[in-house]
Amino acid sequence: MADWEKRCPGCMKTVNSLNVPCPHCGFDREKYEQKRNPRTLPPGIVLDNQYLIGKVIGEGGFGITYSAYDLAYLAWWLKLEIPVAIKEYFPSGLATRNTQSGSPSVIVTGGEKEVHYYESGLRSFEQEARNLAKFLKLPGVVQVMGLFSETQTAYLVMEYVPGINMKDYIRSHGNRLNEKMVLRLMRPLMESLDKVHNAGIIHRDISPDNILITQNQEVTLIDFGAARMASNNDGKSMTILLKHG
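Residues in the sequence shown are numbered consecutively from 40, following the numbering used here.
Written out as structure tokens, the structure reads:
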């Protein structure tokens, strides 16, 4: 068995066996498979002959995000054991897939209208990659590393940001952060957002769910899927997004 075939789907570190809980992160593949939604890709599949897919780390109405590993960096990246994150375009209301049948391909449900919406969303997803690529190395903004198409959909390769979202972080601090802490955490992100806005891009989904914080207390804004270029009419022609709560 090759080294990459012994990578834990949870933390992407090398393990002796995938049939027992990971000694590094505790990931239990058997329990994961019992709960895994058939529409999500199974751990261990390789996409684009380069990316080893791990577990699901995020799932929304328009996409599924997986932990992953870039096999093209075997020479040096592998030694550093740095995983990546891959976001798959998968609009739940327009697409389906059953990996238990053996095929990872996405199937568009419905007729021509649904196909049109699916393809329109796919173009927007690809635009997300272009939006992110403009802000390479900008503090507080997730870094895009690539974009490719496979299984009748598209995939966005990003840096993997270990940590928890701001919503859980605030909850762990008694649902209250003092002013000094908030400014220390958020100032780098706010300064970066100023540059993003000056470039004419509006995120449109900034929330505690989409801000990750690491053990070093560094914050990163993720999920630019709802971002749009600002128009000359002050965005009045844009669709309106609502977020529960």
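All C-beta atoms in this analysis are idealised placements derived from N, C-alpha and C, irrespective of residue type, glycine included.
Note that the structure is predicted; figures quoted are calculated from it, not measured.
Reduced DSSP category for residue i - H, G, I as helix; E, B as strand; rest coil
i	result
Leu251	strand
Ser188	strand
Ala124	strand
Met197	strand
Arg46	strand
Ala238	coil
Lys52	coil
Lys70	helix
Thr259	strand
Val181	coil
Val147	strand
Asn170	helix
Asn271	Reliability of the predicted coordinates at Asn271 is poor, the pLDDT of 44 falling under 50, and no value is obtained from them.
Tyr156	helix
Thr135	strand
Ile245	coil
Ile203	strand
Lys176	coil
Leu57	coil
Arg226	helix
Sequence-distant residues of its chain with Cβ nearer than 8 Å to residue i (five each side left out)
i	result
Gly149	Leu133
Asn58	Arg68, Glu69
Leu161	Tyr128, Thr192, Ala193
Ser142	Arg136
Lys287	Because residue 287 is not part of the residues shown, which for the chain are 40 to 284, the question remains open.
Buried or exposed by the 16-neighbour rule on C-beta atoms within 10 Å, applied to residue i
i	result
Arg215	exposed
Ala107	buried
Lys126	buried
Val154	exposed
Leu260	buried
Lys118	Note that Lys118 scores 46 on pLDDT, short of 50, meaning its location in the model is unreliable and no value can be drawn from it.
His242	buried
Ile146	exposed
Met197	buried
Pro62	exposed
Ala168	buried
Glu120	Summary for Glu120: the model assigns pLDDT 49, below 50, so the residue's position carries little reliability; its value from the coordinates is reported in the next sentence. Looking at its Cβ environment, which holds fewer than 16 other Cβ atoms inside 10 Å, Glu120 is exposed.
Lys206	exposed
Own chain residues within Cβ distance below 6 Å of residue i, not counting five before or after
i	result
Lys176	none
Pro60	Asp67
Other residues of its chain near residue i: CB distance less than 7 Å, five sequence neighbours each side excluded
i	result
Cys64	Cys47, Gly49, Cys50
Ile84	Ile92, Pro143
Gly179	Pro227, Leu228, Ser231, Val258, Thr259, Leu260
Thr190	Pro143, Ser144, Val145
Rounded C-alpha distance that separates residue i from residue j
i	j	result
Asp67	Glu44	16 Å
Gln256	Leu224	7 Å
Ile203	Pro227	18 Å
Gln139	Glu218	50 Å
Leu232	Ser56	44 Å
Trp115	Lys152	Any reading at Trp115 is ruled out, since the residue's pLDDT is 49, under 50, leaving its predicted position unreliable.
Thr79	Val221	36 Å
Ile252	Phe101	23 Å
Ile250	Val54	31 Å
Could you pull out every unbroken beta strand (DSSP E) segment of at least 3 residues lying fully inside the region 86 to 114, listed in chain order?
-> The qualifying runs are 90 to 98, 102 to 109.
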